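Protein sequence lines correspond, in order, to chains A and B. Heads up, the first sequence is in the numbering used here, so the first residue is 1 and it goes up one at a time. Heads up, the second sequence is in the numbering used here, so the first residue is 321 and it goes up one at a time. Built from N, CA and C at the ideal position, the CB exists for glycine as well. All values derive from a computational prediction rather than experimental measurement.
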Amino acid sequence: MAEVLVYVDHVEGAVRKPTLELLTLARRIGEPVAVALGAGAADTAAALAEHGATRVLTAEATEFTEYLVVPKADALQAAYEAVAPAAVLVPSSSEGKEIAARLAVRIKSGIITDAVDLEVGVEGPVATQSAFAASFTTKSRITQGTPVITVKPNSAAVEAAPAAGAVEALAVSFSDAATGTKVTARTPRESTGRPELTEAAIVVSGGRGVNGAENFAIIEALADSLGAAVGASRAAVDAGWYPHANQVGQTGKSVSPQLYIAAGISGAIQHRAGMQTSKTIVAINKDAEAPVFDLVDYGVVGDLFEVVPQLTEEVNTRKG
Amino acid sequence: MRIVVCVKYVPDAAGGRRFADELTVDRDDVDGLLSELDEYAVEQALQIAEDADDAEVTVLTVGPEDAKDALRKALSMGADKAVHVEDEDLHGTDVMGTSLVLAKAVEHVGYDLVICGMASTDGEMGVLPALLSERLGVAQVTLLSEVSVEDGTVKGRRDGDTASEQLEASLPAVVSVTDQSGEARYPSFKGIMAAKKKPVESLDLDDLDIEADAVGLEGAWTKVDEAAERPARTAGTIVKDEDEGGKQLAEFLAGQKFV
Ligand SMILES: Cc1cc2nc3c(=O)[nH]c(=O)nc-3n(C[C@H](O)[C@H](O)[C@H](O)COP(=O)(O)OP(=O)(O)OC[C@H]3O[C@@H](n4cnc5c(N)ncnc54)[C@H](O)[C@@H]3O)c2cc1C
Ligand SMILES: Nc1ncnc2c1ncn2[C@@H]1O[C@H](COP(=O)(O)O)[C@@H](O)[C@H]1O
């Protein structure tokens with residue numbers, strides 16, 4: 001059976017969920033061979049094997065953390081040459097997309113980014129994508145070279161499928177370009193203890209209607225009652241009320257949770273681009289004409305300062 | 321310092337974007353404009369040029385006839401000159417082809433620094449700057465929310481998924497900037513008048529020594545087989561809060577098993 005390369009997104013050996021989803025999709029096409037780079041690479045093997053990786057190619061080198069993107073593209077190319085896979089799948093983080101793009105141009109392959117589903121077609125993998133702020137759904141394929149496809153988080157269910165997951169060292173010789181961009185400092189994002197925005201089953205977002213950084217406590221309290229991640233509109237982020245890392249939309253994160261709750265958000269097209277594919281959508285807005293109500297499964301026309309705390313209290317009561 | 325800013329002419333997000341018959345982005349029947357995300361690139365280029373002793377800002381686009389509008393806007397913001405790559409054979413080019421054309425055009429113009437936006441607002445791939453860096457064989461310093469250039473070195477801050485990084489590279493380099501890099505200026509009346517007199521050079525594929533079959537729909541390495549409008553979401557329940565809105569919402573969520 002053909003092998004499929006899966007690029008592993010991990011933090012110090014802890015595999016991030018989108019990579020496990022990729023393994024589910026990869027198994028539709030062939031046998032997943034994982035590529036894990038940097039500190040802790042070998043520690044990823046157990047989780048990857050559990051989800052179907054037959055082999056785990058690892059490389060640890062300081063270049064991966066000291067320089068931007070190119071060393072990782074070099075290593076993925078080395079893996080590509082060693083494995084001769086039927087396809088290369090990479091998580092759609094901004095870094096993942098850049099690594100994939102560099103690989104694609106080097107191996108003369110077409111690239112598809114931000115797939116939300118993959119299936120097997122007669123002429124190779126067929127990728128489903130959302131276009132124009134998720135108002136269209138397209139199906140595309142790669143017509144030249146080995147398909148290189150980046151896949152968005154939440155595109156498939158994580159499924160256990162135990163496989164060997166044999167760890168093998170990957171030999172990488174770095175290109176001249178590898179040391180072109182130096183990372184002179186790195187500040188890890190502080191954990192909030194809440195679920196990752198892109199991985200969460202429930203997201204509660206606040207917008208301009210929240211009217212102040214201190215008021216985001218109301219949004220956070222609702223999120224915590226539901227075990228949700230917290231999001232924000234760009235208006236709230238630009239006002240400095242909430243960190244940019246939490247922005248949902250075209251220039252922020254795109255999320256596709258089971259439940260999305262928008263409070264004090266009007267529903268501009270750029271915001272919708274990042275949340276329109278959520279399963280269930282709920283909005284609280286005092287303006288009955290707000291475009292967000294066109295998207296909702298349930299909407300409350302009212303003041304979020306009344307509705308949200310009442311909702312939080314009721315959720316907490318029901319949870320007992 | 322020679323700064324080239326890559327700007328794209330895109331269909332207006334507010335104007336009902338759609339696909340043309342052969343499943344390329346419809347660029348004929350929809351109003352277009354300079355991609356808002358590329359305004360940030362123009363702004364940073366102008367600021368870097370203002371801080372440098374001797375700098376020239378060229379704006380570059382690959383696109384149809386109407387793409388001149390995007391160049392005019394960038395010129396009226398303050399760029400010095402413009403280059404428009406236009407050729408009938410370019411219709412339907414994918415990101416691989418576009419990066420090839422842009423790389424050749426950037427080399428034709430001559431550059432020390434190339435600045436791009438974080439993503440085009442139509443294709444939203446966000447990979448072109450990395451492709452350009454790969455093709456040109458110069459450093460990639462992308463997705464910066466802060467950028468500066470001093471003594472031949474570009475520095476910037478990249479806010480990633482798990483960490484914020486400080487980056488540094490020697491020129492020449494390809495940079496991309498995010499919409500966090502600072503508001504773009506509005507063209508002044510004077511700027512709009514001045515833009516009318518600024519040079520716009522037109523180039524075609526021949527000028528850049530690119531074979532027609534390397535680009536266009538035929539030269540694309542990807543193919544869209546289907547494009548369907550997402551069905552409108554079925555109308556939901558909307559209630560007006562009469563003191564019970566939060567409780568009603570909780571009831572709905574409980575019914576959906578979220579609580
Ligand atoms: C290139 C580009 C990229 C962009 N990217 C993004 C992006 O990634 N994400 C994003 O979100 N936006 C993005 N935007 C901005 C987007 O166009 C909107 O400006 C933004 O989403 C508006 O945020 P908002 O809904 O919070 O604010 P507004 O549009 O001002 O809406 C606030 C809403 O809150 C309601 N409200 C006010 N007070 C209350 C109250 N007490 N109770 C209940 N409701 C109340 C109001 O009725 C209103 O509907 C982008 C724009 C551009 C041009
Ligand atoms: N046709 C084009 N002409 C000029 N610049 C472009 C073009 N397409 C993309 N770009 C540049 O590349 C960036 C990223 O584009 P993309 O990878 O398509 O999302 C944009 O913000 C532009 O700076």
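Chain-order list of residues whose beta-carbon lies under 8 angstroms from that of residue i (same chain, five-residue window excluded)
| i | result |
| --- | --- |
| Y242 (chain A) | G206, A213, F216, V230, A232 and A236 |
| G145 (chain A) | A104, I107, K108, S109 and G110 |
| R505 (chain B) | E363, L366, M397 and G398 |
| V421 (chain B) | V382, V405, L410, T413, L525, L528, I530 and V535 |
| A115 (chain A) | S92, A127, T128, Q129, I149, T150, V151, K152 and S155 |
Residue i: CB within 7 angstroms of a non-hydrogen atom of ligand 2
| i | result |
| --- | --- |
| M275 (chain A) | no |
| K518 (chain B) | no |
| E444 (chain B) | yes |
| V415 (chain B) | yes |
| G383 (chain B) | yes |
| A161 (chain A) | no |
| V447 (chain B) | yes |
| M438 (chain B) | yes |
| V327 (chain B) | yes |
| T138 (chain A) | no |
Close-in-space but distant-in-sequence residues of the same chain around residue i (CB under 6 angstroms, 5 per side omitted)
| i | result |
| --- | --- |
| Q500 (chain B) | S465 |
| A156 (chain A) | E21, T24 and L25 |
| A339 (chain A) | Residue 339 (chain A) is absent from the model: chain A starts at 1 and stops at 320. |
| V559 (chain B) | Q568 |
| P32 (chain A) | V4, V6, L23, A26, G52 and A53 |
| L118 (chain A) | L25, P125 and A127 |
| V325 (chain B) | A361, V362, A365, V379 and I435 |
| N154 (chain A) | S256 |
| K139 (chain A) | V126 and T128 |
Enclosing beta strand (DSSP E) for residue i [first to last residue]
| i | result |
| --- | --- |
| D74 (chain A) | Per DSSP, D74 (chain A) belongs to no beta strand (DSSP E); it is in the alpha helix (DSSP H), V70 to V83. |
| E485 (chain B) | A483 to S490 |
| R186 (chain A) | K182 to P188 |
| P449 (chain B) | Here P449 (chain B) belongs to no beta strand (DSSP E); instead the alpha helix (DSSP H) covers L448 to L456. |
| D545 (chain B) | T542 to E549 |
| Y329 (chain B) | Y329 to P331 |
| S496 (chain B) | A493 to V497 |
| R322 (chain B) | R322 to C326 |
| G437 (chain B) | L433 to G437 |
| I558 (chain B) | T557 to K560 |
heavy atom of ligand 1 below 7 angstroms from residue i C-beta
| i | result |
| --- | --- |
| E376 (chain B) | no |
| S266 (chain A) | yes |
| A290 (chain A) | yes |
| E356 (chain B) | yes |
| L311 (chain A) | no |
| K326 (chain A) | Residue 326 (chain A) lies beyond the residue range present for chain A, which begins at 1 and ends at 320; the question has no answer from this structure. |
| Q500 (chain B) | no |
Start-to-end residues for the alpha helix (DSSP H) that takes in residue i
| i | result |
| --- | --- |
| R328 (chain A) | Absent from the structure is residue 328 (chain A), since the part of chain A shown begins at 1 and ends at 320. |
| D479 (chain B) | Premise fails: D479 (chain B) lies in the beta strand (DSSP E), T473 to D479, not in any alpha helix (DSSP H). |
| R106 (chain A) | S94 to R106 |
| I219 (chain A) | F216 to L226 |
| P18 (chain A) | K17 to I29 |
| H281 (chain B) | Residue numbering for chain B in the displayed model covers 321 to 579; residue 281 (chain B) lies beyond these limits and cannot be assessed. |
| A423 (chain B) | V415 to V429 |
| Y360 (chain B) | E356 to D371 |
| G319 (chain B) | Only positions 321 to 579 of chain B appear in this structure, which leaves residue 319 (chain B) out of reach. |
| A390 (chain B) | K388 to M397 |
| A229 (chain A) | Careful: A229 (chain A) lies outside any alpha helix (DSSP H), inside the beta strand (DSSP E) at A229 to A232. |
| I512 (chain B) | F509 to A515 |
Beta-ladder partner(s) of residue i, from DSSP
| i | result |
| --- | --- |
| Q129 (chain A) | A:A115 and A:T138 |
| L57 (chain A) | A:V35 and A:E168 |
| N285 (chain A) | A:V301 |
| I261 (chain A) | A:V204 and A:V282 |
| E470 (chain B) | B:T473 |
| Y67 (chain A) | A:K182 |
| I149 (chain A) | A:L89 and A:I112 |
| H10 (chain A) | A:V15 |
Other residues of its chain near residue i: CB distance less than 7 angstroms, five sequence neighbours each side excluded
| i | result |
| --- | --- |
| A439 (chain B) | L357, M445 and G446 |
| said: For the pair the stretch 125-134 of chain A and the stretch 272-283 of chain A, tell me if three or more CB-CB distances fall below 8 angstroms. | reply: In short, these stretches touch, since the Cβ pair count reaches three.
| said: Is it the case that the stretch 166-177 of chain A contacts the stretch 46-66 of chain A, given that we only count it when at least three CB pairs across the two stretches are under 8 angstroms? | reply: Output reads yes: the stretch 166-177 of chain A touches the stretch 46-66 of chain A.
| task | Mind the definition here: the stretch 293-302 of chain A touches the stretch 542-557 of chain B only if three or more C-beta pairs lie below 8 angstroms; say whether that holds. | result | Enough Cβ pairs lie closer than 8 angstroms, so yes.
| query | Would you call the stretch 193-207 of chain A and the stretch 245-252 of chain A in contact, with 3 or more CB pairs under 8 angstroms? | reply | Output reads yes: the stretch 245-252 of chain A touches the stretch 193-207 of chain A.
| query | Does the stretch 450-468 of chain B touch the stretch 331-351 of chain B, meaning 3 or more C-beta pairs lie closer than 8 angstroms? | reply | As far as the Cβ criterion goes, the stretch 331-351 of chain B does not touch the stretch 450-468 of chain B, which means the pair count is below three.
| request: Would you check if there are 3 or more beta carbon pairs closer than 8 angstroms linking the stretch 421-431 of chain B to the stretch 475-488 of chain B? | output: No, the stretch 421-431 of chain B is not in contact with the stretch 475-488 of chain B.
| Quick check: the stretch 174-187 of chain A against the stretch 61-80 of chain A, are there 3 or more CB pairs under 8 angstroms? | Yes, the stretch 174-187 of chain A is in contact with the stretch 61-80 of chain A.
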